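S.K.: If you scroll down you'll find the structure; I have some questions about it.
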Amino acid sequence: MLITPLQLEKESLVFEEAIPAGVLEYAPDITQVGPLPVTGRADLIVEHRGHREQVADIRLRAAYEGSFELLCARCVEPVPTPLKGNFDLIFRPQAADAEAGERSITPDETEIGYYEESGLSLEDVVREQVLLSLPSRTLCKEDCKGLCPRCGQNLNLEPCNCTPTADPKWSALAGLASTVKSS
Ligand SMILES: [Zn+2]
Ligand SMILES: [Zn+2]
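Numbering follows the working numbering, with no gaps: position 89 of the sequence shown is 652.
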């Protein structure tokens, strides 16, 4: 859905959308499962910049809640993860600040985004917000054993043959021996 200032001139746009799975490409380790409902509203905010210059900003407030699959950081299996969030953001036409140059950027304006001439894409904003909301690390379970670094076997399913069940003391010694040898 593209939102343009023209649409908002007379009244706010209140929307209830569902972004189908597969429409948005998030990142290699995240997949949207099923449609992602997004509800919210868009308002026009006209900035007056003197010299009768007006900038048509779009304020977008919305909430989303949907099902995703993230990859376990250790075993790389997909982990069902519900994600939800809401945001309240201001978007300015890209051209407005290109002409004004750097001086219009003040520290409290860093949250301002930009929209292209064709309009503001709701999907693009949601995609970015979803990515920002991701947990820093996902595990399928707290004690996930991960993959064998040698053969790639998922050690949650079964142990592989290349992990010797040696006493940690001996493996520490073996490690020491190999460093002595290689030096
Ligand atoms: Zn795992
Ligand atoms: Zn192995």
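Beta carbons: idealized from backbone N, C-alpha and C, even for Gly. Note that the structure is a prediction, hence the values are computed from the model and not measured.
1. Is C714 near ligand 2, in the sense that its beta carbon is under 8 Å from a heavy atom of that ligand?
2. Counting C-beta neighbours from all protein chains within 10 Å, is the total for Q748 16 or more, i.e. buried, or is it exposed?
3. Taking the beta carbon of L565 as the centre, do at least 16 other beta carbons fall within 10 Å, making it buried, or is it exposed?
4. Identify the continuous beta strand (DSSP E) that holds D606 and give its terminal residues.
5. Whether or not the stretch 672 to 682 and the stretch 604 to 615 are in contact is what I'm after, with contact meaning three or more pairs of Cβ atoms, one per stretch, closer than 8 Å; do they touch?
6. E574 to A636, Cα distance in whole Å?
7. Consider the C-beta atom of N724 and the heavy atoms of ligand 2; say whether any pair is separated by less than 8 Å.
8. Among V639, L607 and R700, which has the Cα closest to the Cα of G715?
9. Let me confirm a value: G603 is counted as buried when at least 16 other C-beta atoms fall within 10 Å, else exposed. Which label applies?
10. Out of curiosity, what's the CA-to-CA distance linking R690 and E616?
11. Is D651 near R622, with beta carbons less than 9 Å apart?
12. Would you mind working out which of G597, E572, E705 and L576 sits nearest A584, comparing C-alpha positions?
13. Among residues of its own chain, excluding the 5 on either side of L694, which ones have a beta-carbon nearer than 7 Å to its beta-carbon?
14. If you reduce the DSSP assignment to three classes, tell me which class P568 lands in.
15. For L599, does the count of other Cβ atoms within 10 angstroms reach 16, so buried, or fall short, so exposed?
16. Hey, would you say the C-beta of C711 is under 8 Å away from at least one heavy atom of ligand 2?
17. In this structure, does DSSP put E628 in helix, strand or coil?
18. Suppose contacts are defined by Cβ-Cβ distances below 9 Å. Is Q570 in contact with A605 by that definition?
M.R.: Checking against the coordinates, here is how it stands:
1. If you number the sequence shown from 1, residue 714 lands on position 151. Yes, ligand 2 has a heavy atom inside 8 Å of this Cβ.
2. Residue 748 is absent from the structure shown; the chain starts at 564 and stops at 746.
3. By one-based count along the sequence shown, residue 565 stands at place 2. L565 is exposed by the Cβ-count criterion.
4. Along the sequence shown, one-based indexing puts residue 606 at 43. Element bounds for D606: L599 to H611.
5. no
6. As a first step, residue 574 must be located in the sequence shown, where it is residue number 11. As a first step, residue 636 must be located in the sequence shown, where it is residue number 73. About 46 Å.
7. Position 161 of the sequence shown, counted from the start, is the residue given in the question as residue 724. Yes.
8. Position 152 of the sequence shown, counted from the first residue, corresponds to residue 715. Looking at the Cα atoms, V639 is the closest of the given residues.
9. For the purposes of this step, residue 603 is identified with residue 40 of the sequence shown, where counting begins at 1. When all chains shown are included, G603 counts as buried.
10. By 1-based counting over the sequence shown, the position of residue 690 is 127. By 1-based counting over the sequence shown, the position of residue 616 is 53. Near 32 Å, if we compare the C-alpha coordinates of E616 and R690.
11. Working through the sequence shown from its first residue, we reach residue 651 at position 88. Working through the sequence shown from its first residue, we reach residue 622 at position 59. Their beta carbons are under 9 Å apart, which means D651 touches R622 by this criterion.
12. In the sequence shown, counting from the first residue as 1, residue 584 sits at position 21. Selected option, being the one with the closest Cα: G597.
13. Sequence index remark: in the sequence shown, residue 694 carries index 131 (1-based). So the list reads Y589 and A590, once near-sequence residues are dropped.
14. Numbered from its first residue, the sequence shown carries residue 568 at position 5. Looking at P568 - three-state DSSP - the assignment turns out to be helix.
15. On the sequence shown, position 36 is the one that residue 599 refers to. Per the 10 Å Cβ criterion, buried.
16. For the purposes of this step, residue 711 is taken as residue 148 along the sequence shown, with counting starting at 1. Checking the Cβ of C711 against ligand 2 gives yes.
17. Working through the sequence shown from its first residue, we reach residue 628 at position 65. Three-state result, E628: strand.
18. Position 7 of the sequence shown, counted from the first residue, corresponds to residue 570. Position 42 of the sequence shown, counted from the first residue, corresponds to residue 605. Contact: yes.
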